[in-house]
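Each remark here refers to the structure printed beneath this line.
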């Protein structure tokens, strides 16, 4: 049996779908919630092998101990929160411990990593109330150092396998945390079996920047970049439907100031169809993150035929280049005169075809099944 340690968040249903497809009736899902009324992302999944409990509560720990004692594998879907790290002393020695690396564990906990560019950092800091700034600059840093120390100890001593589709993240982890964990492949992301090229849109001119109201999007620098281009006939879409509400106000204010009437913020959650329609109107997607973030949005944009600009230090840039996608560098390619021009039909089809080949659901499911069965069959 596999015990899954999950949070109540937007990828929950996808995670459960994958494992019920590959190993039906051989999984237990312990789902941590922030409060007893938390049903933000979906209706709660209600079947015998799923258990919701308040994160870190006595009931949560009791459920964990009960099911961990019967598990062959304990599968941690991220290790970003200390309530998960605090479970490791309760794990039986015989289990195999898998960690699906999301990225926030490295980029959000490591005090040596700076995810913000200078303009965004300074603009954001100036917007914060004094007490919130003190908490962020002092108290949160103290907590982060404690969590990072606990995280490193856990990875070194307790993790047997690290899974991700972005192996470059594990390379980065290895430079900070010595560990003996084996590597494997895993992702929640996939496309269904439809032919993505059937709805190809060649004429497009709009721009989409970022994926959320998180400062790691480095919106301020992105706005400064694109305002140097001719955007007179373009809309600039800026998704801000979730994230930091203080930062959201900063982006709205700066965006309107710099981009004027060309700024089109997306402040409400959109359906997949609505979001995809916006993507297909865009010639360019700009993701100004220094860190790995928004993989799903980037893949949707590639499949929609967008020209995708990423920062070179972003591990997704290296990952997608390695996989053969046509990806553009913010540092090297955005200054070109034709930067905002759409891809050619041939270039679009290259990215779309590769998206379907590498990330269609059947292939993703089979690859994960092979990975998990291999781990189950390994002897200690």
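Residue numbers (our numbering): 1 to 380.
Ideal Cβ placement from N, Cα and C applies to all residues, glycine included.
Cβ neighbours of residue 320 within its own chain (closer than 7 Å, five residues either side excluded): 327. DSSP places residue 112 outside any alpha helix (DSSP H), giving it a letter other than H or E.
Following the DSSP letters along the chain, one finds residue 332 inside the alpha helix (DSSP H) bounded by residues 330-333.
In the DSSP secondary-structure assignment, residue 54 is bridged to 33. Taken through DSSP and simplified to helix, strand or coil, residue 140 comes out as helix. The DSSP-derived three-state label of residue 189 is coil. Sorting 365, 287, 95 by C-alpha distance to the C-alpha of residue 220 places 287 at the top.
With distances taken between CA atoms, residue 82 lies nearest to 108 out of 63, 71, 98, 108.
The Cβ atoms of residue 87 and residue 164 lie no closer than 7 Å to each other. Leaving aside the five residues that flank residue 234 on each side, the residues in its chain whose CB is nearer than 7 Å to its CB run, in chain order, 205, 206, 207, 262. Counting the other CB atoms within 10 Å of its CB gives residue 342 a total of 16 or more, which places it among the buried residues.
Sixteen is the threshold: since fewer than 16 other Cβ atoms of the shown chains lie within 10 Å of the Cβ of residue 227, the residue is exposed. Excluding its 5 nearest sequence neighbours in each direction, residue 169 has C-beta neighbours in its own chain below 8 Å: 101, 103, 106, 292, 315, listed in chain order. Rounded to the nearest angstrom, the gap between the Cα atoms of residue 125 and residue 78 is 28 Å. Secondary structure at residue 240: coil, using DSSP grouped into helix, strand and coil. Note that the C-beta distance between residue 3 and residue 71 is below 7 Å. Beta bridge pairing from DSSP links residue 5 with 30, 76.
348 is the residue among 338, 348, 112 whose C-alpha sits nearest the C-alpha of residue 324. Counting along the chain, the unbroken beta strand (DSSP E) around residue 284 starts and ends at 282-287.
Within the model, the alpha-carbon separation for residue 369 versus residue 27 is close to 13 Å. For residue 118, there is no enclosing beta strand (DSSP E); the residue is part of the alpha helix (DSSP H) that begins and ends at 118-127. Under the criterion of beta carbons closer than 8 Å, residue 267 and residue 240 qualify as touching, at roughly 5 Å. Among the bridge pairs identified by DSSP, residue 308 is matched with 285. Nearest in C-alpha terms to residue 111, of all of 359, 331, 140, is 140.
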